[in-house]
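Chains as they are written, first to last, in the numbering used here: chain A, 283 to 504; chain B, 20 to 622.
For every residue, glycine included, the Cβ atom is placed at its ideal position computed from N, Cα and C.
To keep things clear, I will list the structure first and then write my remarks on it.
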């Protein structure tokens, strides 16, 4: 009698959980790819943990707080490691709709991944696409900041060079015209020493020391 | 009182300026491609022969002309013969076209440089699609580096006809590039002379660092072996292949072309640089040094490039193997980690026999991974610099550092060449009394930069890269060959080779050896004529010109025909520079006739 009941129960279970059954999902784990030497073996204890995580995810769904570990059925475990699972309702006759299971898994994917030391690429629920983390987008793109810095440096350098060029040219233009004026006006009060006007009382700016020879006049022009 | 001509502070500045101008992006992205296409090591033979026969003599000629005439290209050629001032004008026009589009490359280098300060590098990951369940479709079909180049940098349109608007990001980078160039040329030789210390030497530092890094990368030896033994397997067939390549006329023509354009002859930049020399400067020695350094840099850069190729190809090949293993593991539920590179073929055979139906079902999805085919992707130009290199860089450790170094090097190379280009335009302008009496040289430089920047905005539009390719392929090639041909004939036969030789002897104090005279009078003009004939016949035989357009839906390049107005622009580009020569000659002839007509009644 007991044997009959056992066969009946496992037969029902087998019907509910089959590859390609309604509301069943295939799961694929790549433990060795993720962990290399530290890979753990997939055994019934790990399966128990998996069932627990799925039940935990379902319990977070409103109206499904009564989901137990025994409601999660696993089948067709392969060497890969891959298997199929379904979640049944408390009566164990029907499976829960795929949509509910899908949304529950999606919301808790991170917890499930962490429980097994895996990530979205190594713990795959086929038919449940995982939401990819969007790349971090700062409010101001970094490149504009760097661009702004270099742009300002270049503009300041150009302005400095142009201004110093204008200033130099203005200095050069002033001296020849002063020499000409001094030679023209004989009754000028400015005394001329060696052709260079020397006016110690000249209050113009106070920067230029006329007693020094300028660069141009050191070499006699041809 | 005449203002003394500005001079280089010392002859080292002059040599650095020439090196900085000649060593440009072509050494990095064109020479490795040619090496790969024409048999790797065996390409060096025609290359070195052409260097000695064509490169050095023509370079020496241009430097000597500039140093002797002490004026920019227009003034120099007018002095040689008033009928030939058109040669100078043509040089200026070609330099103008070149500077218009060349600085766009610097703008792109700036763009990539600014984007290198992020983690992860923006071209290493695909952006997500609308509902965050997967990656952007275009990026999936192409690769993330291609997507970043074609979509994020260029935002390229599907064809030349669809112009699109000016993209503000590349436009800003172009503006910055022109401001940097303006900063360097602002004060003439005073500022240029100091900048070239950096633009000439820094690229070598980066290349050496990259050489050390490149040679230590996993898979670099694959690339290096491929450079010297492309498509060859055994040593015997390798030797036969290399000898076969020597007999291939295309190898020789491409070697001659590469030497010619790599040295930057005919633009007037070398004449401009040499005009700021002391008359007693030994330009023969400098010509030999510059051309040797230029060729050495090409070879050096191609060693670096091939080790990077090898790394990238090995990485992609191993990735491909991993993908195939994963596909097989998932389809047949094999144990994770069971399939490795060594047993892949065995297992495939076993699976094909054990589960024939299932295997044949998924067979179309299996890609044939081959290291050869990964290495075979010969790329040149912007594709190499911005797609292939960035793909290799994103897989290196500390990729931000390598990326910054690499784009900084590209910038130095590009700006160095830009200094030469702008010098070719500015020197004739500042030499001309009319213009320089009204405007100071800062204003002339500023105007030139402004005009170039404004026109360069065309290349920042969505179809801008197609226009860039047009300028890159047609603006300079034919015109330069003609210009240099006329230059050589002018110096040798119009001015007189003997007269030129005695000028040089008086100027530098050294006699001109017979080798240079033979090259200038005979060999080099013949070479240029044959190159010219080859190019013309190539264009005529090719029929309609085609270009490569990016197809976003397929994620790859497709070939399209140029529309009529694009062909018109190409014709205009070539004509506007070459026609200067006969038109100026005609103009001078008419002018002289009129003057003689005026003078006659008096006499």
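Between the beta-carbon of residue 356(A) and that of residue 338(A) there is about 15 Å, and that puts the pair past the 8 Å contact cut. In the same chain as residue 301(A), and ignoring 5 residues on each side of it, the C-beta atoms closer than 8 Å to its own belong to 308, 357, 358, 366, in chain order. CA-to-CA, the gap between residue 455(B) and residue 239(B) works out to about 54 Å. Taking C-alpha positions only, residue 409(A) is separated from residue 343(A) by approximately 19 Å.
When C-alpha distances from residue 335(A) are compared across 325(A), 326(A), 351(A), the shortest belongs to 351(A). Comparing alpha-carbon positions, the option among 381(B), 390(B), 382(B) lying closest to residue 340(B) turns out to be 390(B).
For the 8 Å CB-CB criterion, residue 285(B) and residue 559(B) do not form a contact. Around the C-beta of residue 480(B), 16 or more other C-beta atoms lie within 10 Å, and the residue is accordingly described as buried. The way I'd put it, the region 405-413 of chain B does touch the region 318-336 of chain B; three or more beta-carbon pairs between them come closer than 8 Å.
Segment contact: the region 587-599 of chain B against the region 105-116 of chain B, three or more CB-CB distances shorter than 8 Å; contact assigned. Assignment of beta strand (DSSP E) within the region 375-431 of chain A, counting only whole runs of 3 or more residues, yields 405-407 in chain order.
When the beta-carbon positions are compared, residue 323(B) and residue 229(B) come within less than 8 Å of each other. For residue 323(A), there is no enclosing alpha helix (DSSP H), as DSSP marks it with neither H nor E. Separation of residue 519(B) and residue 438(B) (C-alpha to C-alpha, rounded to the nearest whole angstrom) is 29 Å.
Beta-carbon to beta-carbon, residue 363(A) and residue 313(A) are separated by about 7 Å, close enough to satisfy the 8 Å threshold. It is roughly 60 Å from the alpha-carbon of residue 199(B) to the alpha-carbon of residue 351(B).
Contact between residue 592(B) and residue 512(B) is absent: CB atoms are separated by about 29 Å, not below the 8 Å threshold.
Counting along the chain, residue 310(A) sits inside the beta strand (DSSP E) bounded by residues 307-311.
Neighbours of residue 414(B) in chain A, taken as residues at a C-beta separation under 9 Å, are lacking, since the least C-beta distance is about 18 Å.
The Cβ-Cβ distance between residue 317(B) and residue 75(B) does not fall below 8 Å. For residue 447(A), a Cβ of chain B is located within less than 8 Å of the residue's own Cβ.
Nearest CB-CB separation between residue 206(B) and chain A: below the 8 Å threshold. If you draw a straight line from the Cα of residue 51(B) to the Cα of residue 218(B), it is about 22 Å long.
No Cβ-Cβ contact shorter than 8 Å links residue 516(B) with residue 533(B). Here residue 44(B) has 124, 404, 429, 432, 433, 436 as same chain residues with Cβ atoms under 8 Å from its own Cβ, once five neighbours each way along the sequence are excluded. Listed along chain A is no residue with a C-beta nearer than 8 Å to that of residue 185(B); the closest approach is about 17 Å. What residue 286(A) touches in chain B, judged by beta-carbon distance under 7 Å, is nothing: the nearest beta carbon there is about 33 Å away.
With respect to the 8 Å criterion, residue 181(B) and residue 170(B) are not classified as neighbours on the basis of their beta carbons.
Secondary structure note for residue 127(B): it is in no beta strand (DSSP E), and the uninterrupted alpha helix (DSSP H) holding it is 104-133. The way I'd put it, the region 295-306 of chain B does touch the region 75-87 of chain B; three or more beta-carbon pairs between them come closer than 8 Å. Across the structure, residue 445(B) and residue 88(B) are spaced so that their CA atoms are roughly 16 Å apart. DSSP, reduced to helix, strand and coil, places residue 39(B) within a helical segment of the structure shown.
With contacts defined as CB atoms closer than 8 Å, residue 27(B) and residue 287(B) fail to qualify as a contacting pair. The C-beta of residue 191(B) comes closer than 8 Å to at least one C-beta of chain A. Across the region 350-366 of chain A, CB contacts with chain B closer than 8 Å involve 360, 361, 362, 363, 364, in sequence order along the chain. Sequence-distant partners of residue 46(B) (beyond 5 residues in either direction) whose C-beta falls short of 6 Å from its own C-beta, in its chain, are 316, 317, 320.
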